[in-house]
Every structure is written in structure tokens, then in C-alpha cells.
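Enquirer: First the structure, which I've put down as C-alpha cells, then a few questions once you've had a look.
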Amino acid sequence: LSNELGSALDLQQLALQAQRFEKIEGLIQLLGQQTVDANNQAAAQRAAILCGIEKGSAVESEELSALGLKLDQIAADVSTVIDQNTKQQESLDEVKEMVAAKNSKLRGRALARQDKDRALEELEIELDSVEEKPIAKGSQGAVHKASYQGDVVALKKMSLVGITATKRNKMMKDFSTELAIMVKLRSPRIVAVYGVVTTDTTWLGLVVEYCGGGDLREALDADDAASIDEAQRRRWLSDISLGMAYLYSKGVEHRDLKTLNILLDGDRRCKVTDFGLSKSESLATAATQATAGGDAKGTPAYMAPELLQHNIFTEKGDVYAYGMIVFEV
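Numbering (UniProt numbering) for the sequence shown: 1 to 329.
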């Protein structure tokens with residue numbers, strides 16, 4: 001402020017002299033706030049000079065009139081600046097809130113990814129060997145026989161070669177979903193999961209219990225299928241119903257139940273497998289909407305008519321699919 005008024009200006013003297021003039025009192029207050037800009041310096045200097053002008057003179061009247069107009073403009077400018085600063089602060093607060101909300105959402109997603117990565121890391125295993133030729137192929141990948149700690153296991157491989165980043169992310173999501181569901185299930189009528197293989201950049205692997213009897217569809221299509229007695233067929237249907245009852249006791253819907261997803265173990269008993277299309281309520285992933293991008297999920301021949309028409313899945317969809325399996329068996 002002293003630089004603006006000049007070293008010759010005695011502010012204390014100015015304040016004492018300014019008590020004679022109401023307008024100058026306002027100027028002193030403004031000067032104390034350092035709000036006088038370059039255009040108003042001349043008026044401020046004139047005000048200082050007026051402090052030495054005799055009260056009531058013609059010069060005083062003229063100068064005070066000009067000074068009053070200048071002070072009014074200063075006050076208006078100050079008010080405008082204050083309003084602008086207030087609005088800017090409000091806008092800044094809104095931006096801060098938006099950034100905070102975005103950061104919170106990103107942190108939530110990061111934590112979710114960390115949880116999935118942790119689950120994959122904890123279940124990561126190193127296989128002894130993997131047979132090159134697949135023993136089965138499906139819509140979600142090929143299945144290979146493998147060895148883990150001396151035991152025979154099945155490795156479900158999902159190729160990552162030549163796919164886009166978007167499709168890769170979707171495969172990772174589907175893989176994590178299937179894994180999260182399968183590790184929770186423990187039943188003789190459910191195929192057990194042992195671990196995962198994610199160290200190879202060309203494919204994702206899910207290591208599960210090996211069922212040497214193939215799938216139920218193969219058994220029904222075999223040359224000796226006619227020799228399968230009714231008791232065996234009833235046992236298979238009972239195994240499947242027990243497996244599905246267990247799934248629903250854990251809040252899991254299969255959503256793609258079919259004979260290709262029923263495996264036979266060494267004792268020719270059935271085990272339910274392939275939960276790539278499942279939804280689990282206990283995992284907070286349950287949803288009645290059975291579409292992704294408008295396309296119904298599942299195998300058409302096993303899908304209930306209302307699912308094909310409305311794309312809405314309920315437990316009745318699994319019941320219908322089981323009915324189709326009963327018809328096949």
C-alpha cells in the first residue's frame with residue numbers, strides 16, 4: 001500500500017485528516033484492504049492532497065465530487081470481485097466434490113480388483129505336466145488332462161492369443177466369476193476346483209477335478225447306450241438333482257444346465273460342472289436379468305420359452321433345463 005501511495009504519503013496523517021470527509025473515510029477503508037487498482041491511484045493521490053485543502057473551498061467541492069464518483073466505482077468493482085470470488089469458490093467446491101466421488105469410486109474398483117487378484121494368487125498352482133491334445137472342447141475353451149502333485153486333474157484353458165484388450169478383460173471377468181463361485185462349492189455331486197494357472201500369457205487356466213467318464217451326452221450317444229439299464233439312468237438323474245439342490249442351497253443358479261455340463265467320474269456317478277454363466281446371491285452378483293448386450297445366455301435347446309422371449313432368468317429356467325435332461329436320459 002505504501003508503494004502505491006508513495007513514500008511521501010503519511011498514512012497516519014491521512015487517516016486523521018480524512019475524518020473531515022465522509023467519502024475519504026470509505027477510501028481509507030478500501031486502501032487498507034489494498035483494493036485500489038492502477039486506474040484509481042490518481043484519485044487516491046488527489047484524496048491525500050485534499051487532506052491539506054481548506055474545508056469549504058471551491059477546490060475542495062470539485063475534488064470531492066470527482067473523488068466520490070471514483071469511490072463509488074471502486075466499491076462497485078470490489079463488490080463484483082467479491083461476487084466472482086464467491087462463485088469461483090462454489091464452483092471449486094463442486095469440482096472437489098466430483099473429484100472426491102470419482103476417487104472413491106476408483107478406490108472401490110481398485111479394491112475389488114485387488115480382491116480378485118488375491119483370490120487368483122492364493123489359488124495359483126504349478127502343474128507337473130499338461131497333455132497337448134485336448135480331451136474336450138466347449139464354447140468357453142478347451143479341456144486338457146494334466147498332472148498336479150502326482151494326481152490326474154483337468155485343466156480348462158481359455159486362449160488369450162489374438163484377442164483384443166476389451167475381449168481379454170471380459171474373459172478375465174468371466175474367469176474370476178467362475179472361480180469365485182466354484183471355490184465355494186463342496187459336494188460329491190459338484191466338480192471340485194483345485195486352483196488356477198495364470199502365469200502363461202497365452203491362456204487362462206482353471207484346474208478342476210478330473211472326471212474320466214466324459215460327459216453325460218457322450219455316454220448317451222455311445223454305441224452301448226442301449227445297454228444302460230433304467231436303474232443307472234435313474235441314478236444319474238438323482239445325482240443331477242442332488243447337485244442342483246446343493247447349488248440352490250448356496251444361492252447359486254447354474255443358467256446353462258445341459259448334458260454336456262454333467263460329467264461322469266470313475267464310478268459312473270454324475271457331477272455338475274461349468275458355472276461360467278452362473279450368478280451367486282451370496283457373492284452379490286445375483287441378478288434376474290439374463291442378458292448381456294441384449295443376447296440371452298445359455299444353450300437354446302435347454303432354455304425355457306419365456307427366457308427366449310423375455311430374456312428374464314428365474315430358477316424355473318434351471319428346472320426347465322433339468323426337464324430337458326430327463327427327456328434325454
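Virtual Cβ for every residue (Gly too), placed ideally from N, Cα, C. Remember, predicted model here, so these are calculated numbers, not experimental data.
Do Ala142 and Ser129 have their beta-carbon atoms positioned less than 9 angstroms apart in this structure?
Expert: No. Outside cutoff.
Enquirer: Give me the DSSP bridge partner(s) of Val197.
Expert: Paired residue(s): Gly205.
Enquirer: Do the segment 209–227 and the segment 302–312 meet, that is, are 3 or more Cβ pairs less than 8 angstroms apart?
Expert: Contact between the segment 209–227 and the segment 302–312 is absent, because fewer than three Cβ pairs lie under 8 angstroms.
Enquirer: Within 10 Å of its beta-carbon, does Ala321 have 16 or more other beta-carbons around it, so buried, or fewer, so exposed?
Expert: Ala321 comes out buried.
Enquirer: Could you check how far apart the C-beta atoms of Gly214 and Lys156 are, in whole angstroms? I think they sit under 8 angstroms.
Expert: That pair is no contact at about 15 angstroms.
Enquirer: Taking 8 angstroms as the cut-off, is the beta-carbon of Thr199 closer than that to any non-hydrogen atom of the ligand COA?
Expert: The ligand COA is not part of this structure, which contains no ligands at all.
Enquirer: Please identify the residue among Thr86, Leu123, Lys96 whose C-alpha is closest to the C-alpha of Thr198.
Expert: The option with the nearest alpha carbon to Thr198 is Leu123.
Enquirer: Per the DSSP calculation, Ile262 is bridged to which residue(s)?
Expert: Its beta-bridge partners are Val272.
Enquirer: Residues in its own chain within less than 7 angstroms of Ala192 by CB, not counting five upstream and five downstream?
Expert: Only Val208, Glu209 meet the Cβ criterion.
Enquirer: Around the C-beta of Ala226, are 16 or more other C-beta atoms found within 10 angstroms, so that it is buried, or is it exposed?
Expert: By the 10 Å Cβ count, Ala226 comes out exposed.
Enquirer: So, for Ala233: in the same chain, excluding its five sequence neighbours on each side, which residues have a beta-carbon less than 8 angstroms away from its beta-carbon?
Expert: The amino acid at residue 233 is misidentified as Ala; the sequence shows Arg. Closer than 8 angstroms at Cβ, skipping near neighbours: Val329.
Enquirer: Under DSSP, the beta strand (DSSP E) around Lys316 begins and ends at which residues?
Expert: Note, Lys316: premise wrong, no beta strand (DSSP E); alpha helix (DSSP H) at 315–328.
Enquirer: Let me confirm a value: Lys170 is counted as buried when at least 16 other C-beta atoms fall within 10 Å, else exposed. Which label applies?
Expert: Answer is exposed; the Cβ neighbour count stays below 16.
Enquirer: On the CB-based measure, 16 or more other CB atoms within 10 Å of its CB, does Val319 come out buried or exposed?
Expert: Looking at its Cβ environment, which holds fewer than 16 other Cβ atoms inside 10 Å, Val319 is exposed.
Enquirer: Taking Cβ positions, are Leu216 and Leu263 nearer each other than 9 angstroms?
Expert: Yes; because the gap between Cβ atoms is below 9 angstroms, this pair is in contact.
Enquirer: Is Gly162 helix, strand or coil by DSSP?
Expert: Three-state DSSP puts Gly162 in coil, outside helix and strand.
Enquirer: Identify the residues that DSSP records as bridge partners of Ala136: which are they?
Expert: For Ala136, which the question treats as bridged, DSSP gives the partners Val143.
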